[in-house]
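**Q**
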Amino acid sequence: MQDISYPADTKTVTLPSGAKIAYLDRGAGPYTLVFLHGLGANLKAWQKNVDSLSAHYRCIALDLPGYGKSGKGDYPYGMAFFAGAVRAFCDTLDLQNVVLVGHSMGGQVALTMTLADTSRLAKLVLIAPAGIETFSSAEAVWLKTVYTSAVIQNTPPEQIRKNFLINFYQWPEDAEFMYEDRMFLRETAEYLDWCEMLPKCVASMLDEPVFDKLEEISLPSLILFGENDALIPNTFLHKNLTTAQIAELAHSKIPGSQLRQIPECGHFVQWEQAEKTNRAIRDFLAN
Numbered sequence: 000m001q002d003i004s005y006p007a008d009t010k011t012v013t014l015p016s017g018a019k020i021a022y023l024d025r026g027a028g029p030y031t032l033v034f035l036h037g038l039g040a041n042l043k044a045w046q047k048n049v050d051s052l053s054a055h056y057r058c059i060a061l062d063l064p065g066y067g068k069s070g071k072g073d074y075p076y077g078m079a080f081f082a083g084a085v086r087a088f089c090d091t092l093d094l095q096n097v098v099l100v101g102h103s104m105g106g107q108v109a110l111t112m113t114l115a116d117t118s119r120l121a122k123l124v125l126i127a128p129a130g131i132e133t134f135s136s137a138e139a140v141w142l143k144t145v146y147t148s149a150v151i152q153n154t155p156p157e158q159i160r161k162n163f164l165i166n167f168y169q170w171p172e173d174a175e176f177m178y179e180d181r182m183f184l185r186e187t188a189e190y191l192d193w194c195e196m197l198p199k200c201v202a203s204m205l206d207e208p209v210f211d212k213l214e215e216i217s218l219p220s221l222i223l224f225g226e227n228d229a230l231i232p233n234t235f236l237h238k239n240l241t242t243a244q245i246a247e248l249a250h251s252k253i254p255g256s257q258l259r260q261i262p263e264c265g266h267f268v269q270w271e272q273a274e275k276t277n278r279a280i281r282d283f284l285a286n
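Position one of the sequence shown corresponds to residue 0 (numbering that gives the first Met the number 0), numbered consecutively onward.
(1) Helix, strand or coil, according to DSSP, for Ile59 in the structure here?
(2) Can you tell me whether Asp180 is buried or exposed, with buried defined as 16 or more other CB within 10 angstroms of its CB?
(3) What separation, rounded to the nearest whole angstrom, lies between the Cα atoms of Thr117 and Glu157?
(4) Look at the alpha carbon of Ser217 and the alpha carbon of Asp2, and state the distance between them as a whole number of angstroms.
(5) With DSSP as the reference, label Asp24 as helix, strand or coil.
(6) So who's on the other strand from Leu42, going by DSSP bridges?
(7) Which residues bound the beta strand (DSSP E) around Ile126?
(8) Going by the beta-carbon positions, is the gap between Ile245 and Ile131 smaller than 8 Å?
(9) Between which two residues does the beta strand (DSSP E) harbouring Thr31 extend?
(10) Within 10 angstroms of its Cβ, does Ala7 collect 16 or more other Cβ (buried), or is it exposed?
(11) Confirm, please, whether the CB-CB distance from Gly70 to Asn41 is below 8 Å.
This is the structure:
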């Protein structure tokens, strides 16, 4: 993806496994915030947050393996794999006082890592996290059959745009690069592998659940949801559930957690309501 515009100060580091991780590293402060993007996204999803929060903290936004400018390979793409890669990344850079900030799938990665090892971690920020809404075995099978590599490859541009729109309460013009980058990716040699990777990520969110272990979370945790999230809960399978119910469920399960629900905001909370997100994180870290 050499031709997709990326921040000029993007770096890469090679993990002991040989995997290369692309990342932004800005600012300094008492905490190191490590931002984990969601399904189909990359580190650019955090630009508005890194720009603001790096005035107060060290901010590191990375591309998970297989995404963006990080290394591609025959990896077992999934929650435990991503969590292990993030842990190895933190070890390689010897990061201390880490605050994991995960959005959507990145939220489930953050939960998976936290449940495995908290030795480098100080706090946890979950933004519209996956892993709270649960699915029956039959529902999981159905989701895997409708979200396949072939379906992704054959999605026409107008539907791709609609898929981006549903992430927001109101489409922000400054999010247009997300659609443009996806259109560019479709024309690259990497696109087929990318289309093969995404269903593995979805399958692993279903096959590597965290919900039953949420009560084991011992870190101070902040949970953010947009009140108008159109992706959580799944509106096809769980018509009777609301976003507020999922948010409250996360809050009730994670001991001592704080919950903020942001009005006029969809699933892509940290982009659509960046200032409110940044303020909520600053307030959380100040206490």
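Quick reminder that beta carbons are idealized off the backbone N, C-alpha and C, glycines included. In this text the structure is predicted, and so the values were computed from the model without any measurement.
**A** To lay it out plainly:
(1) As a working note, residue 59 is residue 60 in the sequence shown. In the three-state DSSP reduction, Ile59 falls in the strand class (E or B).
(2) Here residue 180 corresponds to residue number 181 of the sequence shown, with the count starting at 1. Counting Cβ neighbours within 10 Å, Asp180 comes out buried, since at least 16 surround it.
(3) Start at 1 with the first residue of the sequence shown, and residue 117 comes out as number 118. Start at 1 with the first residue of the sequence shown, and residue 157 comes out as number 158. C-alpha separation (whole angstroms): 43 Å.
(4) As a working mapping, residue 217 is identified with position 218 in the sequence shown. As a working mapping, residue 2 is identified with position 3 in the sequence shown. Cα to Cα, Ser217 sits roughly 42 Å from Asp2.
(5) Working through the sequence shown from its first residue, we reach residue 24 at position 25. Residue state, collapsed to three classes: strand.
(6) Counting from 1 along the sequence shown, the entry for residue 42 is found at position 43. DSSP lists no bridge partner for Leu42.
(7) Position 127 of the sequence shown, counting from 1, holds the residue named residue 126. Start and end: Leu120 to Ile126.
(8) Sequence index remark: in the sequence shown, residue 245 carries index 246 (1-based). Sequence index remark: in the sequence shown, residue 131 carries index 132 (1-based). Note that the C-beta distance between Ile245 and Ile131 is below 8 Å.
(9) The residue given as residue 31 occupies position 32 in the sequence shown. Annotation for Thr31: the continuous beta strand (DSSP E) segment containing it runs Thr31 to Leu35.
(10) Locating residue 7 in the sequence shown gives position 8, where the first residue counts as 1. Within 10 angstroms of the beta-carbon of Ala7 lie fewer than 16 other beta-carbons, which makes it exposed.
(11) As a working mapping, residue 41 is identified with position 42 in the sequence shown. As a working mapping, residue 70 is identified with position 71 in the sequence shown. Cβ distance not < 8 Å, so Asn41 and Gly70 don't count as in contact.
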